[in-house]
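J.:
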């Protein structure tokens, strides 16, 4: 190939097959896509080894994408159930899947996930380094870490979370901070453990060029992890979080110098009134790189309903600059999600993403809503169910409670305002 | 009594028993409460005949309140289930219940609801006028309408939705508008039907003073209904909606001249990026009167999940001026809600209200979140469950999936970041 990464291709003016897939899905011109991929405002995570990938773009001017987390862990080591989740997540229109496996034959599982997924696949290699080497965290070597990254790249992973911004300056900030919850990032806490045990710098920070090289070779998009994201509302937008974000902005530029694509990861737990400023400061400090947020959830008090707390935060975030939403399920803070939790999480994230796409005026985003509204005025129940984000649930609700007058629903019955006003104003 | 309404008492500097109840719940000073009730920025809906009411305030500087709709209808005429809903709604901490019954012995049911409810009760008398008189809408008389209002007032209803802003000018606007859905307010469509059939002005607009008189006598708070609220995103913030809002602002001033308390009702379906302007324009046009919104839902395409679409809109609305959220359940647009739907709707609305209370800096609002965050860092599962908005659901999740290490949960298992970072940073 005459280019290393999608970013490199864009800089040369080359329209890749992956760009053509993006152009077929999004209302963006070829020249705008090329320009934005070239400067890093749009990424197209597409590992050279992910053969059946149907590539998607993430970034400015595109529809908001959503990610689903799953994976095998010691407490929940049912591989078949996790593969079933992969299939179901794809059917429910997830744009990306992160395999967060931490137990068992992680490589076999990961390869299987890549093989069956047309959606982009992400991983967090440090989890796997802990799982695969079976060593105490402090004894994992720098080579172990990078060999894990290389292995994931070879396996076709499209984007990897790397907590490279957690350097010793950031650790000092977290030590001094009056946080209620310290470090709630798993990858971050593992690296913190390693750094403190060995009294060394974060290897992904110290040897960032080694990471860049692997990622360029396979066109892996680096998803710069936020090890110091807030774990509660009280800790949001504090010095450790912003300190790390400054470093992520610096690393972004270094990756771009080698044409490696970058996503920035963000919070987490954020009060509703701080969500917009979090989006602005990320876009500024990270030079317009796409922003991938986990939530943010806007209250800490609703375990069992964090798909809702995160849909609120995610919608506001995506309307104000976030490009990629990591789903949160009702099981968050309580247990690993089951299939139903996953479904609830996906739908909530899709609602947030779609509401934001309308708000940020993505061309055509409201066409779907207008089609639904027309079906509503027409009292066309079949059409309403077909158009519903979850036709299965809409149908089940409708069928569980049949009205006397089949035109309407039992909500208002014969007092249906739609039917009455249509009769009066349109004579039908 | 030496005062007619709470507003009248506040203007005289009289602290009523109901104000004392409000002061006991909210972090607001007596003088601020008096001042805000006096000018209508806070209402305390408290019908003189609602004997066991524990009064709450709705408005500026107070926590956001939530309302639950229920009632008996022809399609779902199970009185016992609706009374069970009343009890459950109270247990789930709803602040208000609207009885929207449209079938059967509505008066008996209404009196029973008032009798068993310490929370404020609202109704929409035009529904009941249609239900109780058993006449074709066009043949209901002006006296019928007002006699229904009087009957509800006598029965102890604390606030009533009255669509008095739908005058003939507003109807002209709706006739001329290119809306996708015309009139989606039940009460609005009934009055529209009546006005068009009889070629007359809306009786609640024409004889607004008659309404004021009844409401003053019983201290019923008028909840000025938005007959022309948008029924889809496409129709939001359009001329008919704003035309009606202008009239509601004028009627607000007339009610205040007689010391009658007023709430303004609002949308509905609104794109996320128009929610804030909707709050601002209401506060401006209606002179700071409390704002009561139904949702707003921020996409039309998710029937079955409108508790989520409305939690997004409701949180943003309440953070920007809305004082009172009407819950929306997953059954919205599909059927009457059952008990589970009601619970889901209440929790979603409470999440939105609480997230907004934090955002608008209601004193002490974040204490609850901080207590939860502390329990999280302490890995104190019993405390986390106690503090959860829905302890029952949190407990069920926790117990369904026990980790090998009882300190943590199966989400991260032995990779628990909280446990690891606490060990490293605190040595425990």
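Protein chains in written order, with the numbering used here: chain A, 1 to 428; chain B, 1001 to 1428.
Even glycine gets a Cβ: it sits at the ideal position worked out from N, Cα and C.
Note that the structure is a prediction, hence the values are computed from the model and not measured.
What does residue 368 (chain A) reach in chain B if we use C-beta pairs closer than 9 Å?
T.: Chain B residues near residue 368 (chain A): 1299, 1300, 1301.
J.: Output the boundary residues of the alpha helix (DSSP H) element that contains residue 1283 (chain B).
T.: Taken as a continuous stretch (DSSP letters only), the alpha helix (DSSP H) holding residue 1283 (chain B) covers 1275–1285.
J.: Could you tell me which chain A residues have their CB closer than 7 Å to the CB of residue 1358 (chain B), listed as they occur along the chain?
T.: 233, 271, 272, 299, listed in chain order.
J.: Whose C-beta lies closer than 8 Å to the C-beta of residue 1207 (chain B) among residues of the same chain, with five residues either side of it excluded?
T.: Within the same chain, residue 1207 (chain B) has close Cβ partners 1142, 1146.
J.: Give me, in chain order, the residues of the same chain whose beta-carbon lies closer than 7 Å to that of residue 1190 (chain B); leave out the 5 immediate sequence neighbours on both sides.
T.: Here the set comprises 1126, 1130, 1137.
J.: If you follow the beta strand (DSSP E) that residue 293 (chain A) is in, where does it begin and where does it stop?
T.: Here the beta strand (DSSP E) through residue 293 (chain A) covers 291–294.
J.: Would you decide whether residue 1396 (chain B) is buried or exposed? Buried here means 16 or more other CB atoms lie within 10 Å of its CB.
T.: Under this definition residue 1396 (chain B) is an exposed residue.
J.: Return yes when the Cβ of residue 1227 (chain B) is within less than 8 Å of the Cβ of residue 1270 (chain B), no when it is not.
T.: Their beta carbons are not under 8 Å apart, which means residue 1270 (chain B) does not touch residue 1227 (chain B) by this criterion.
J.: Note down, in chain order, each residue of its chain lying with its Cβ closer than 6 Å to the Cβ of residue 336 (chain A), except the 5 sequence neighbours on either side.
T.: The answer, listed in chain order, is 76.
J.: Do you know how far the Cα of residue 360 (chain A) is from the Cα of residue 411 (chain A)?
T.: Each residue's alpha carbon lies about 32 Å from the other.
J.: Three or more C-beta pairs under 8 Å: does that hold for the stretch 1082–1093 of chain B against the stretch 1105–1124 of chain B?
T.: Short answer: they touch.
J.: Take residue 1011 (chain B) and list the residues in its own chain whose beta-carbon comes closer than 8 Å to its own, dropping the five residues that flank it on each side.
T.: For residue 1011 (chain B), where only same-chain residues beyond five positions count, the Cβ hits under 8 Å are 1038, 1259.
J.: Please go through the same chain and pick out, in chain order, the residues whose beta-carbon is closer than 6 Å to the beta-carbon of residue 1267 (chain B), but skip the five residues on each side of it.
T.: The answer, listed in chain order, is 1229, 1230, 1296.
J.: Mapping DSSP to helix, strand and coil, what is residue 163 (chain A)?
T.: In this structure, residue 163 (chain A) counts as coil in the three-state DSSP scheme.
J.: For residue 1031 (chain B), which option in B:1325, B:1089, B:1009 has the closest C-alpha, if you only look at C-alpha atoms?
T.: For residue 1031 (chain B), the nearest C-alpha among the options comes from B:1009.
J.: Who are the near neighbours of residue 156 (chain A) in its chain, counting only those whose CB is closer than 6 Å to its CB and skipping five residues on each side?
T.: Excluding residues within five positions, the ones whose Cβ falls inside 6 Å are 47, 49, 50, 114.
J.: Would you list the residues sitting across from residue 1070 (chain B) in a DSSP beta bridge?
T.: B:1099.
J.: Could you tell me which chain B residues have their CB closer than 8 Å to the CB of residue 374 (chain A), listed as they occur along the chain?
T.: Within chain B, the residues near residue 374 (chain A) are 1180.
J.: Name the chain B residues whose beta carbon is nearer than 8 Å to that of residue 411 (chain A)?
T.: By Cβ distance, chain B contributes 1331, 1332, 1333, 1334, 1335, 1336.
J.: Please name the residue in A:325, A:339, A:389, A:311 whose C-alpha comes closest to that of residue 1355 (chain B).
T.: Comparing Cα positions, the closest option is A:311.
J.: Establish whether the CB of residue 1092 (chain B) and some CB of chain A are separated by less than 8 Å.
T.: Cβ-Cβ to chain A under 8 Å: no for residue 1092 (chain B).
J.: Just to confirm, is the Cβ distance from residue 1152 (chain B) to residue 1187 (chain B) under 8 Å?
T.: No. Outside cutoff.
J.: Could you name the residues that DSSP lists as bridge partners for residue 1265 (chain B)?
T.: Note: residue 1265 (chain B) sits in a beta bridge opposite B:1292.
J.: So, residue 1068 (chain B) versus residue 1079 (chain B), is the Cβ gap smaller than 8 Å?
T.: Against a cut-off of 8 Å, the Cβ pair of residue 1079 (chain B) and residue 1068 (chain B) comes out as no contact.
J.: Give me the residue from B:1095, B:1374, B:1200 with the minimum Cα distance to residue 1139 (chain B).
T.: The candidate whose alpha carbon is nearest that of residue 1139 (chain B) is B:1200.
J.: Taking only beta carbons into account, state which residues of the stretch 1001–1029 of chain B come closer than 8 Å to chain A, listed in chain order.
T.: So the list is empty, because no residue satisfies the distance condition.
J.: Check the C-beta distance from residue 1248 (chain B) over to residue 1224 (chain B) and give it rounded, since I have them as a contact under 8 Å.
T.: Confirmed, about 5 Å.
J.: Less than 8 Å between the beta carbons of residue 342 (chain A) and residue 91 (chain A), yes or no?
T.: No. Outside cutoff.
J.: Return the CA-CA distance between residue 161 (chain A) and residue 365 (chain A), expressed in angstroms with no decimal places.
T.: Cα to Cα, the separation comes out at about 29 Å.
J.: Can you tell which of B:1353, B:1171, B:1054 has the C-alpha that lies nearest to the C-alpha of residue 1064 (chain B)?
T.: With distances taken between Cα atoms, residue 1064 (chain B) lies closest to B:1353.
J.: Can you check whether the CB of residue 1196 (chain B) is closer than 8 Å to the CB of residue 424 (chain A)?
T.: It is a contact, given that the beta carbons lie within the stated cut-off.
J.: Spatial neighbours of residue 1181 (chain B) within its chain, please: C-beta separation below 7 Å, excluding the five flanking residues on both sides.
T.: Result list for residue 1181 (chain B): 1231, 1232, 1235, in chain order.
J.: Tell me the DSSP bridge mates of residue 23 (chain A)?
T.: Residue 23 (chain A) is not bridged to any residue.
J.: Please check if any C-beta of chain B sits within less than 8 Å of the C-beta of residue 77 (chain A).
T.: No, because no Cβ of chain B sits closer than 8 Å to the Cβ of residue 77 (chain A).
J.: Would you list the one or two residues that DSSP bridges to residue 989 (chain B)?
T.: Lying outside 1001 to 1428, the shown extent of chain B, residue 989 (chain B) is not represented and no answer is given.
J.: Give the C-beta separation of residue 1362 (chain B) and residue 1369 (chain B) to the nearest angstrom, bearing in mind that I take them to be a contact with Cβ-Cβ under 8 Å.
T.: Not a contact, Cβ separation roughly 12 Å.
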